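Student: Submitted below is the structure of interest, expressed as structure tokens.
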Amino acid sequence: MKKFQVAIIGGGVIGSSIARELSRYDVSVVVFESGSDVASQASKANSGVIHSGINSPPYSLKARLCVEGNRMFQSLAGELGVPVKWVGKFVVAGNEDEIAELEHLKRVGESNGVPGLEILDEAGVKKKEKNISCRGALWVPTAGITSPYQLTIALAENAAENNVKFLLETKVIGLKKQAQKFFVNTTKGGFLADVVVNAAGVFCRDIVAMLEEPDFNVYPCRGEYLVLDKSYSWLVRSMVYPVPPKHTGVLGIHITPTIEGNILLGPSAEFINEDEDTRTTREAMISLLKHAKEMVPVVPDNAVINAYSGIRSKLASAENGGWADFRIEESRNTPGLINILGIESPGLTAAPAIAKEAIGIIAGLIVLKEKGSFKSNRARVNRFSGLLETERAKMIEKDSKWGRVVCRCEQVTEREVTDALSNPLGARTLSSVKYRCRAGMGRCQGGFCTPHIVRIMKDNFGMDVIDIKLKSPNSTLFTGRVREVREHG
């Protein structure tokens with residue numbers, strides 16, 4: 044039975060952040076991820092916003108870790124080669140009552156240590172963003188954007204390069220503690236660990252319930268998004284938020300530019316009963332467009348190229364206001380079990396600070412000695428399409444695969460697809476390719492490039508097409524070969 048000092052359950056941005064932070068030390072670490080890749084749940088299906096800290100109550104854990112995480116982000120992104128843009132954010136007021144709410148948000152932000160907050164009148168807003176319609180707005184200069192899936196992948200791959208073991212498509216189905224050791228039963232066998240970190244997101248209660256009676260509930264809340272075509276990137280340069288709706292525990296439907304050039308509308312907020320119900324609906328699409336037009340009236344109806352949703356892990360129900368603080372703690376009843384609970388927005392921003400918080404707890408349970416071989420830097424992968432023509436010509440001369448365009452919409456080459464499939468985690472699905480090099484993320488949403496990627500998987504990596512998956516263990520693309528079906532049908 045394989046033994047590790049620390050077992051992390053969940054390969055989202057929190058689990059991957061903790062894994063990367065632990066990889067600084069001479070300690071054996073394994074990450075169990077039930078999906079076919081890291082960032083397979085909420086960590087890829089969010090706005091990618093680096094929050095400032097204006098929305099969480101002063102002295103809350105959310106507020107402290109959000110502000111700390113915001114300050115850590117630039118350095119972390121630089122080490123990992125992850126793009127960040129400090130585009131700032133407007134919280135817009137549509138009437139005089141909402142102007143008063145802006146004053147409240149400004150006071151909260153200043154109490155939390157957020158610098159540079161400023162309330163602008165309509166003319167002041169128009170100077171920065173001519174398409175915004177409002178009576179006034181709170182300008183938040185320390186808010187930014189990143190790519191949430193690129194960040195999670197970078198954290199995980201850097202951790203793997205520093206000897207953290209990632210086991211994908213490995214679901215934890217049982218936990219027991221005996222003689223100061225945890226026995227972790229998974230779909231790929233049993234493991235022993237000294238410490239278990241529960242970073243399972245919306246499934247965190249299920250993990251706790253394997254060892255003790257949970258003292259909390261999880262209330263899944265689905266947020267749907269619309270993705271606009273890149274040709275509409277001129278709509279806004281900064282993020283545009285409404286005054287947060289009262290008694291919901293969410294920030295409202297906002298307009299967010301992305302690192303890649305698309306614009307997001309969303310998310311909605313719908314409390315649901317199923318942990319994995321990530322459907323998108325026509326009703327939400329209509330609502331998202333309606334609310335976006337209230338802030339930016341020129342948002343067109345025909346610009347949407349895709350829709351997706353993510354599930355927030357809420358510790359408070361809609362009836363109780365929807366807001367609850369983060370919980371990062373060692374279990375009182377099961378020593379050695381560290382629970383990371385209720386991590387929703389601003390969880391992405393707070394991730395590096397949450398990792399530090401978790402490491403502080405782990406350091407009280409096992410000896411953490413820094414190792415001299417830790418590799419903090421991960422080379423940034425520049426898109427081939429963004430290079431100078433002379434640079435591209437030299438690369439094509441060395442390897443002709445750089446000259447074969449696989450994805451026309453995003454101008455992704457065969458070499459980039461091959462590199463994406465050669466990742467340190469061993470993730471090999473169409474989504475693994477998409478989230479590493481953007482093949483399939485353009486206007487046609489994979490209509491052109493999918494058969495070419497399948498060919499590369501088959502010819503370059505020896506994969507049987509029957510085994511190729513879209514994004515998860517059960518999402519096979521092909522059910523059989525035509526000739527076999529005809530002969531046995």
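Here the sequence shown stands for residues 44 to 532, numbered as in my numbering. For each residue, glycine too, the CB sits at the ideal point set by N, CA and C. Bear in mind the structure is a predicted one, so any value in this text is a computation, not a measurement.
If you drop the 5 nearest sequence neighbours on each side, which residues of the same chain put their C-beta closer than 7 Å to that of P467?
Tutor: Answer for P467: E200, A203, E204, listed in chain order.
Student: Residue range of the alpha helix (DSSP H) that P193 falls in?
Tutor: First, the amino acid is wrong: residue 193 is Gln here, not Pro. Here the alpha helix (DSSP H) through Q193 covers 191-204.
Student: CB-CB under 7 Å to F246, same chain, minus the five flanking residues each way: which ones, in chain order?
Tutor: Here the set comprises D318.
Student: What are the boundary residues of the beta strand (DSSP E) that includes A166?
Tutor: Counting along the chain, A166 falls outside any beta strand (DSSP E), though it belongs to the alpha helix (DSSP H) covering 165-171.
Student: For a quick check, are the C-beta atoms of T229 and K214 less than 8 Å apart?
Tutor: Yes, the Cβ-Cβ distance between T229 and K214 is below 8 Å.
Student: Note the first and the last residue of the continuous beta strand (DSSP E) segment covering E372.
Tutor: Residues 370-373.
Student: Return the Cβ separation of S276 and I306 in integer angstroms, given the expectation that the two are a contact with Cβ distance under 8 Å.
Tutor: At roughly 6 Å, the Cβ-Cβ gap stays under 8 Å, so S276 and I306 are in contact.
Student: Looking only at C-alpha atoms, which of F504, A186, T519 sits nearest to I511?
Tutor: Cα-wise, what sits closest to I511 is T519.
Student: Along the chain, which unbroken stretches of the beta strand (DSSP E) at least 3 residues long are found entirely within the region 293-361?
Tutor: Correct list: 297-300, 306-309, 347-357.
Student: Quick one: what's W182 bridged to in DSSP?
Tutor: BP columns for W182 point to F133, E161.
Student: Does the structure place the region 96-108 close enough to the region 74-82 that three or more beta carbon pairs sit under 8 Å?
Tutor: No, the region 74-82 does not touch the region 96-108.
Student: Which same chain residues end up closer than 6 Å to A361 when comparing Cβ atoms and leaving out the 5 residues on each side of it in sequence?
Tutor: Excluding residues within five positions, the ones whose Cβ falls inside 6 Å are F314.
Student: To the nearest angstrom, report how far apart D140 and R178 are at their CA atoms.
Tutor: Using only the alpha carbons, I get a separation of about 10 Å.
Student: Return the residue from the list D258, V74, C450 that minimises the CA-CA distance to L235.
Tutor: That would be V74, whose Cα lies nearest to the Cα of L235.
Student: Looking only at its own chain, which residues have a Cβ that is under 7 Å from the Cβ of G217, when we skip the five neighbours before and after it?
Tutor: Excluding sequence neighbours, G217 sits near N228, M253.
Student: What does the alpha-carbon distance come out to for the pair R482 and V270?
Tutor: Per the sequence presented here, residue 482 reads as Ala, with Arg not at that position. Rounded to whole angstroms, A482 to V270 spans 16 Å at the Cα level.
Student: Using the beta-carbon count (16 or more within 10 Å), is G152 buried or exposed?
Tutor: That one is buried.
Student: List the residues that DSSP assigns as beta-bridge partners of E522.
Tutor: Going by the sequence as given, residue 522 is Thr instead of Glu. Answer is none; T522 lacks a bridge partner.
Student: Measure the beta-carbon distance from S534 to A394 and round it to whole angstroms, keeping in mind my assumption that it falls under 8 Å.
Tutor: Past the boundaries of the shown model lies residue 534; the chain is included only from 44 to 532, so the question cannot be answered.
Student: I'd like to check one pair, V239 with L380: are the Cβ atoms closer than 8 Å?
Tutor: Yes, the pair counts as a contact, with Cβ atoms nearer than the cut-off.
Student: Measure the alpha-carbon distance for I383 versus E255 and round it to whole angstroms.
Tutor: Using only the alpha carbons, I get a separation of about 15 Å.
Student: Taking the runs of the alpha helix (DSSP H) that are 4 residues or longer, which of them lie wholly in the region 230-272?
Tutor: For the region 230-272, whole alpha helix (DSSP H) runs of length 4 or above, ordered along the chain, are 247-252.
Student: Roughly how many whole angstroms lie between the Cα atoms of S103 and D249?
Tutor: Cα-Cα distance, rounded: 25 Å.
Student: Put P494 into one of helix, strand or coil per three-state DSSP.
Tutor: Helix at P494.
Student: Could you spell out the range, first to last residue, of the beta strand (DSSP E) harbouring L384?
Tutor: Here the beta strand (DSSP E) through L384 covers 380-384.
Student: Check this for me: beta carbons of Q454 and V448, under 8 Å apart or not?
Tutor: Contact: yes.
Student: Take E387 and list the residues in its own chain whose beta-carbon comes closer than 7 Å to its own, dropping the five residues that flank it on each side.
Tutor: Taken in chain order, the residues that qualify are R355, S356, K357.
Student: Could you name the residues of the same chain whose beta carbon sits closer than 7 Å to that of K273, not counting the 5 residues immediately before and after it, in chain order?
Tutor: If we look at K273 and ignore the five residues flanking it on each side, its Cβ neighbours are G304, N305.
Student: When you compare only the Cα positions, how much space is there between G55 and G244?
Tutor: Approximately 8 Å, taken between the alpha carbons.
Student: Can you name the start and end residues of the beta strand (DSSP E) that M282 belongs to?
Tutor: It spans 282-285 - the beta strand (DSSP E) in which M282 sits, taken as one unbroken run.
Student: Less than 6 Å between C-beta atoms, sequence neighbours within five positions excluded: which residues of the same chain meet that for W129?
Tutor: If we look at W129 and ignore the five residues flanking it on each side, its Cβ neighbours are G187.
Student: Quick one: what does DSSP say V72 is sitting in, helix, strand or coil?
Tutor: Correct three-state label for V72: strand.
Student: Can you grab the Cα-Cα spacing for the pair L148 / G415, in whole Å?
Tutor: So the alpha carbons of these two residues sit roughly 44 Å apart.
Student: Beta-carbon within less than 6 Å of A396's beta-carbon, same chain only, minus the 5 sequence neighbours each way: which residues are those?
Tutor: Contacts found: L108, E111, G112.
Student: Bridge partners of G489, per DSSP?
Tutor: According to DSSP, G489 bridges with nothing at all.
Student: If you draw a straight line from the C-alpha of E267 to the C-alpha of Y192, how long is it?
Tutor: Looking at the two C-alpha atoms, the distance is approximately 17 Å.
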